[in-house]
Each structure stands twice: as structure tokens, then as C-alpha cells.
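As C-alpha cells, the structure follows; a few thoughts come after it.
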Amino acid sequence: MRASASKYNPLADIRVAKWDACLRDPCGAELAHPCYAGTDQGYLIRTVETQGVFYNGTFTVGQSGSLDGVYQYTPGSTYSGNGVLYWYNARDQIGNLAKAAPGVGVLSQASVVEQYRPVAACLRWVPNGPYGSRAGSVGLGYSPSQQYQNNDSVSALGALRQCSEIATNGAPRRDAPGHEVRWLPGANDGGWISFDGTSNPAGTASLFMVLSGIDATATTTTKMVANGYIELVTIWEWTPAISTQATAAPRAPIPYTTQEVLATIGDMGSYLFAGVRKSGPGIIRAAVNEGMRYLTGGYGGSRTRGATYLTY
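Start counting the sequence shown at 0; every next residue gets the next number (numbering that gives the first Met the number 0).
Here it is, written out as C-alpha cells:
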């Protein structure tokens with residue numbers, strides 16, 4: 000039976016509202032299925048990955064320094080190797096982006112997982128150096144297409160101009176839980192990513208981060224390490240491989256498309272750069288200007304991360 004929510008208010012449907020909560024707070028929200036097309040639905044899992052930031056050279060152990068970096072995360076392109084593009088070097092340098100496969104853990108095991116796709120995600124910079132020596136700027140951005148391609152020539156100062164949110168390292172905007180940006184699905188992100196090459200859509204929507212002049216410390220004579228780390232939190236939907244003898248039964252799809260859900264945001268330009276929806280339990284969210292809370296603050300300003308667990 001069709002849900003009783005109004006066609007013009009998808010968020011009145013509790014299933015849509017739960018996915019909306021995942022998009023707002025991938026770290027702590029209850030896992031929920033997305034409004035992707037079709038009846039094929041799988042299991043849900045939240046993965047968390049942290050990555051250090053460093054560059055190589057010749058140093059004295061304990062030596063202070065600074066570094067620049069550009070980082071892009073495209074959840075829907077993890078199979079192709081374009082899931083993460085990165086570049087780190089000394090301050091005020093220019094370099095080329097390289098590929099790095101994000102550690103999606105069990106999802107990379109073809110003997111366990113048949114196919115998977117992103118549901119929600121966020122990208123976060125977590126500074127952890129002494130407050131007295133903290134330095135630099137952190138830029139964050141979202142793009143419905145891949146902002147960068149492998150081997151692109153980049154510099155931190157140039158890339159900062161493309162960010163929609165820039166803050167002093169360790170001092171994010173007051174209404175945000177940290178240096179954090181949320182992901183929204185693009186045109187191709189609802190497709191399944193498989194291991195046999197038959198269905199590997201180039202996921203479009205990306206999150207990117209720019210680190211400029213971040214304080215760092217030489218941990219060895221050859222490595223300068225930033226005083227902080229990058230965190231990726233992603234909610235995935237996946238189906239089990241045949242060899243597992245497990246199944247994922249089909250379900251009636253949620254009667255709203257991704258476009259209808261994202262359309263509740265209102266003016267996308269204002270949403271990305273000026274304001275987003277304010278939400279509360281038991282009400283239909285309305286499009287209002289309240290900073291970039293959706294992308295850089297998140298639902299409820301959560302400062303904690305939910306457990307990594309499975310649900311169906």
C-alpha cells in the first residue's frame with residue numbers, strides 16, 4: 000500500500016525522513032534505505048576510515064613544518080580506483096593528483112559481496128596537534144560531478160577558490176560539529192557497483208577538501224606528518240555474493256525518487272553556499288537559510304558517530 004505522505008512533501012513519509020537523516024548525519028543516524036529506483040534492495044552497513052596526511056623529504060625528527068593538500072572522495076567510483084584522489088606536499092607547491100582506493104573493508108571482498116552502492120557519506124578533517132601551534136586553513140566543497148580527475152595539476156591556494164566553505168584550522172563555523180562536508184547522490188550514484196565489470200557506473204557526486212599551510216611534525220627523518228587526519232564515513236547498501244548462500248529479498252520501492260527528495264532542499268545554489276533546511280522531529284522540513292548546515296554541519300550537529308553495524 001502506498002505511503003500516506005503527500006506527493007509534494009516526501010519528507011512526511013517516515014522512510015524518506017530516515018534517509019534524509021542519513022544524508023544529514025551519516026555518522027550517527029539510524030541506517031535507512033535510499034530512494035533509488037527498482038525493487039532490488041540489500042543490506043546496510045556503515046564504514047569508517049581514517050587516513051593520515053604526510054609528504055616525504057629530509058627532516059630532523061620532531062621538526063615543525065607545514066603542508067598543503069587536496070583530497071577528493073567519490074563514493075560511487077570506488078571500484079574504478081577513482082574513489083579517492085589526493086595530493087600532499089610542502090606549502091605553496093604544485094603537484095599532480097594520484098589515485099588511492101578507499102578502504103571499504105568487507106565490500107572489497109568479491110567472495111562476500113556481489114554489488115554495492117553509496118547511501119550517504121561525509122568527509123571530515125580532524126586536527127589533533129597542540130592548540131598553540133595550530134595553523135593553516137581548511138576548505139570544503141561538494142560537487143555533483145567529479146571536481147578533479149586523476150593526474151590533474153593542483154595547488155592548495157588555487158583549489159581553495161573552489162571551496163564553498165573555508166575556515167581556520169581547528170576553528171570551524173560555530174554551527175558545525177567540525178570541518179565536515181556531507182555528500183548528496185548525483186545522477187548515477189543509485190547504480191550498483193559490481194565486481195564482474197557488468198555494472199560499474201562512474202559515480203558523479205564528490206566531496207573535496209583543501210588543506211593549506213596545515214601545521215605538521217616530522218615523525219621520522221623522511222616523513223612530515225600533518226597534525227590531524229582525514230575521516231571518511233560512508234553508509235553503503237550491498238547484496239551478498241552467491242557463494243555466501245545468503246539472499247537479499249526484493250522490496251517494494253519507496254514511492255519517491257531521489258530527485259523528489261533532493262528537490263525539497265529548495266534553491267540548490269542558496270542551499271550549497273548560503274543556507275539549507277532546518278529540521279526537527281515530527282515536522283516536515285522546510286527550506287530555510289541557516290548557513291551551510293546540511294553540508295558542513297549536519298542534522299542536529301551530531302558530535303558522535305553511530306556504531307558500525309548491519310541492518311536490513
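Virtual Cβ for every residue (Gly too), placed ideally from N, Cα, C.
Which two residues bound the contiguous alpha helix (DSSP H) that contains Cys21?
For this step, residue 21 is matched to residue 22 along the sequence shown. Cys21 -> alpha helix (DSSP H) spans 13-23.
Exposure of Val275, with buried meaning 16 or more beta-carbon neighbours within 10 Å
Position 276 of the sequence shown holds residue 275. Its pLDDT being 35, under 50, Val275 is placed unreliably in this model, and the coordinates cannot settle the point.
Assigned exposure category for Gly37 - 16 Cβ within 10 Å defines buried
Within the sequence shown, numbered from 1, the residue matching residue 37 stands at position 38. Flag for Gly37 reads exposed.
Quick check on Ser242: buried or exposed, where buried means 16 or more other Cβ atoms within 10 Å of its Cβ?
Translated into positions along the sequence shown, residue 242 becomes position 243. Under this definition Ser242 is an exposed residue.
Tell me which residues share the same chain as Gln145 and place their Cβ nearer than 6 Å to its Cβ, disregarding the 5 neighbours each side in the sequence.
By one-based count along the sequence shown, residue 145 stands at place 146. Same-chain partners within the cutoff: Thr73, Ser205.
Excluding five sequence neighbours on each side, which residues of the same chain lie with their C-beta closer than 8 Å to the C-beta of Arg304?
Within the sequence shown, the letter at position 305 stands for residue 304. Low confidence applies here, because Arg304 scores a pLDDT of 42, under 50, leaving its location unreliable; read the following figure in that light. In its chain, beyond the 5 residues on either side, Cys26, Gly27, Val47, Val232 have a beta carbon closer than 8 Å to the beta carbon of Arg304.
Does the Cβ-Cβ distance between Gly41 and Asp188 come in under 7 Å?
By one-based count along the sequence shown, residue 41 stands at place 42. By one-based count along the sequence shown, residue 188 stands at place 189. No, these two residues do not count as a Cβ contact at 7 Å.
Starting from Gly157 and walking both ways along the alpha helix (DSSP H), at which residues does that stretch end?
Residue 157 sits at position 158 when you count from the first residue of the sequence shown. First-last of the alpha helix (DSSP H) with Gly157: 155-159.
What is the DSSP secondary structure of Leu96, reduced to helix, strand or coil?
Mapped onto the sequence shown, residue 96 falls at position 97. Coil at Leu96, not helix or strand.
Anticipated Cβ contact below 8 Å, Leu66 with Tyr87, distance rounded:
Residue mapping note: residue 66 aligns to position 67 of the sequence shown, counting from 1. Residue mapping note: residue 87 aligns to position 88 of the sequence shown, counting from 1. Going by Cβ atoms, the distance from Leu66 to Tyr87 rounds to 6 Å, so yes, they are a contact pair.
Mapping the DSSP letters down to three states, classify Glu179 as helix, strand or coil.
One-based indexing of the sequence shown puts residue 179 at position 180. Residue state, collapsed to three classes: strand.
Pair within 7 Å by beta-carbon distance, Val118 and Glu259:
Working through the sequence shown from its first residue, we reach residue 118 at position 119. Working through the sequence shown from its first residue, we reach residue 259 at position 260. No, Cβ-Cβ distance for Val118 and Glu259 is not below 7 Å.
Kindly indicate which residue of Ile229, Arg23, Ile13 has the alpha-carbon position closest to the one of Trp182.
Counting from one through the sequence shown, the residue named residue 182 turns up at place 183. Nearest C-alpha to Trp182: Arg23.
Status (buried if at least 16 other CB within 10 Å, exposed otherwise) for Tyr130
As a first step, residue 130 is located in the sequence shown; it is residue number 131 there, counting from the start. Exposed, since its Cβ has fewer than 16 Cβ neighbours within 10 Å.
Tell me, to the nearest whole angstrom, how far the beta carbon of Val52 is from that of Ala225; I am working on the premise that it is less than 8 Å.
As a position in the sequence shown, residue 52 is number 53, starting the count at 1. As a position in the sequence shown, residue 225 is number 226, starting the count at 1. Right, their Cβ atoms sit about 4 Å apart.
Rounded to a whole number of angstroms, what is the C-alpha to C-alpha distance between Gly227 and Gly94?
Within the sequence shown, residue 227 is the residue found at index 228, counting from 1. Within the sequence shown, residue 94 is the residue found at index 95, counting from 1. Between Gly227 and Gly94, the C-alpha separation is close to 21 Å.
Bounding residues of the beta strand (DSSP E) (the contiguous stretch that carries Leu84)
As a position in the sequence shown, residue 84 is number 85, starting the count at 1. Counting along the chain, the beta strand (DSSP E) containing Leu84 begins and ends at 83-89.
Would you kindly report the start and end of the unbroken alpha helix (DSSP H) that includes Gln114?
Here residue 114 refers to the residue found at position 115 when the sequence shown is read from its first residue. Premise fails: Gln114 lies in the beta strand (DSSP E), 112-126, not in any alpha helix (DSSP H).
Going straight from the alpha carbon of Asn168 to that of Tyr115, what length do you get?
Here residue 168 refers to the residue found at position 169 when the sequence shown is read from its first residue. Here residue 115 refers to the residue found at position 116 when the sequence shown is read from its first residue. Each residue's alpha carbon lies about 34 Å from the other.
With 16 as the cutoff for other CB atoms within 10 Å, does Ala97 come out buried or exposed?
As a position in the sequence shown, residue 97 is number 98, starting the count at 1. Counting Cβ neighbours within 10 Å, Ala97 comes out exposed, since fewer than 16 surround it.
Taking just the CA atoms, how far does Asp12 sit from Trp191?
Start at 1 with the first residue of the sequence shown, and residue 191 comes out as number 192. Start at 1 with the first residue of the sequence shown, and residue 12 comes out as number 13. Taking the straight line from one Cα to the other gives about 25 Å.
Mapping the DSSP letters down to three states, classify Ala28 as helix, strand or coil.
As a position in the sequence shown, residue 28 is number 29, starting the count at 1. Three-state DSSP puts Ala28 in coil, outside helix and strand.
Label Ser132 either buried or exposed according to how many other C-beta atoms from any shown protein chain fall within 10 Å of its C-beta, with 16 as the threshold for buried.
Position 133 of the sequence shown holds residue 132. By the neighbour-count rule (16 or more Cβ atoms within 10 Å), Ser132 is not buried but exposed.
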